[in-house]
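According to full-length UniProt numbering, the residues represented by the sequence shown are 1 to 41, in order.
Note that beta-carbon positions come from the ideal geometry of N, C-alpha and C, so glycine has one too.
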Amino acid sequence: DSEPEFKQRAYECVVKLQAFDPDIIHAWKLICDVSRQGLIK
């Protein structure tokens, strides 16, 4: 968060997620699936 480059990349990904970019949506779904699996265990 203190690194400007990371902050910029994170911002760009959020913008793409909100715009329903197919690649970002796919990655988000994978993250959610992994998170759910971790909660189940």
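message: Once DSSP output is grouped into helix, strand and coil, what is the label at Glu3?
response: coil
message: Tell me the rounded alpha-carbon separation between Ile31 and Pro4.
response: 24 angstroms
field: Rounded C-alpha distance that separates Gly17 from Arg9
entry: Correcting the residue identity first, residue 17 is Leu in this sequence and not Gly. Cα to Cα, Leu17 sits roughly 12 angstroms from Arg9.
field: Proximity below 8 angstroms, CB of Ile25 to CB of Cys13
entry: no
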